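If you read the sequences in order, they're chains E and B.
Okay, so the first sequence: first residue is 1 according to our numbering, each after it adds one.
Okay, so the second sequence: first residue is 1001 according to our numbering, each after it adds one.
Working notes, beginning with the structure itself.
2 protein chains.
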Amino acid sequence: MELLKQRILQEGKALSEEILKVDSFLNHQIDPVLMMDIGEEFKRRFAGQEITKVLTVEASGIAVALMTGLALKVPVVFAKKKKASTISGNVYVGTVYSYTRQESYDIVVQDTYLKPEDKVMIIDDFLATGEASQGMVSLVEQSGAQLVGVGIVIEKVFQCGGQQLRDKGIWVESLVQVKSMQKGHIEFV
Amino acid sequence: MELLKQRILQEGKALSEEILKVDSFLNHQIDPVLMMDIGEEFKRRFAGQEITKVLTVEASGIAVALMTGLALKVPVVFAKKKKASTISGNVYVGTVYSYTRQESYDIVVQDTYLKPEDKVMIIDDFLATGEASQGMVSLVEQSGAQLVGVGIVIEKVFQCGGQQLRDKGIWVESLVQVKSMQKGHIEFV
């Protein structure tokens, strides 16, 4: 997605070989019009799949997932990062290890919102080691729903999470793939 | 907003006199089309105000704020609930006490994204005791930006947070005002 590459080159900051900061339009300040374009692009890439639900995890996946849900006219479910006091009934739970924060946390979806008859598209802003995506895949598996695929805004291919998902036979669409980074320099695939 | 009242009556659950669960369309599963209608409604209510930024706090405020930003064609900033490792530079910090979780947490915005020349609209899904809104008002004050007003999807008027904001001279627009709740019963103003 050329428009997105340009924004990353203009505004993104490679803080190290692993950390790409895109806080000005994706995950602290958000550009709603760009998010709408991204949602439409995911709709095109997964055209004809009769998706019934978009699944993401709070917080920075919500904007992209919402616009994808708007494009597809289907509900968006966001997994919560711990069991909130207002979640009642049965839940699906996945465990995610965050390399950034160096801690594990649970992601939770109430079973009411993922059903065996659902066809689910997982959406997230970043795919690096793939921990969050794997956690969401587990939620979909627990529910018995069909996983259509995983849509990612920025994949850091050198961190291999995307490869692991594809090796499992999962359809992964990344709008931009970053091949390598050095402080101040970003190279795309 | 009549459409929203109907959804609350159809799908909302009053779990107690204080807790209203609207997980099926607002803060666990999200209805993107309803969110767009809500965004347009906030645009109408704050018409002519030349808003330059929409501010909310992660996670459940993001969907409503994003659609309001889309309607207004301005960026959306979401305050983060703790200082993330990728936030660098100077930040504004507000402290919020959560009665639901019975703990305090910090909300943080990088100073790059709120400037003295900004005209800011605060958006949140719920207004109860007003702790989160007061925290965001503090962030706007620290930045020197102008606060235009606060847009709320559901205000629980019996918890007085809205009254406290209005007593300070802050313009508060709530799309739905809940007067009282009992288990299984919801009464609007």
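C-beta: ideal position from N, C-alpha, C; glycine also.
Note that this is a predicted model, so its numbers are computed, not measured.
F126(E) is positioned such that its CB atom lies closer than 9 Å to that of S60(E).
Taking C-beta atoms as the reference points, M36(E) and L70(E) count as a pair closer than 9 Å.
Taking the beta carbon of K1168(B) as reference, no residue of chain E falls within 7 Å; the closest one sits roughly 26 Å away. In the DSSP assignment, A1079(B) is bridged to V1057(B). Comparing C-alpha distances from R101(E) to each of A132(E), K115(E), V74(E), Q163(E) shows the shortest one belongs to A132(E). Nearest neighbour of F158(E) by Cα position, chosen from K115(E), E187(E), F42(E), V108(E), turns out to be E187(E).
Shown here, G169(E) sits in coil according to DSSP, grouped into three states, outside any helix or strand.
Residue state for V189(E) is assigned as coil, using DSSP reduced to three classes.
No residue range can be given for T129(E), since it is assigned to no beta strand (DSSP E) and is classified by DSSP as neither H nor E. The beta carbon of E1117(B) sits no closer than 9 Å to any beta carbon of chain E.
Within the stretch 40 to 71 of chain E, contact with chain B at the beta-carbon level (separation under 9 Å) is assigned to K53, V54, E58, A59, S60, I62, A63, A65, L66, M67, T68, G69, L70, A71. Boundaries of the beta strand (DSSP E) harbouring K1156(B): 1146 to 1156, taken from the DSSP string. The shortest CA-to-CA distance from A1145(B) to any of S1024(B), V1096(B), K1053(B) is the one to K1053(B). Chain-ordered listing is empty here: chain E has no CB closer than 9 Å to the CB of V1150(B), the nearest sitting near 19 Å. Closer than 7 Å at the C-beta level to chain E, one finds these residues of the stretch 1098 to 1124 of chain B: T1100, R1101, Q1110, Y1113.
The beta-carbon separation of F1078(B) and T1056(B), rounded to 5 Å, stays under the 8 Å limit for a contact.
In this structure, G39(E) sits near L66(E), with a CB-CB distance shorter than 9 Å. Around D1031(B), the beta-carbon contacts reaching into chain E at under 7 Å are P75.
Residues of chain E whose Cβ lies closer than 8 Å to the Cβ of K1080(B) are, in chain order, H28, A59. Under DSSP, Y1097(B) forms a beta bridge with S1104(B).
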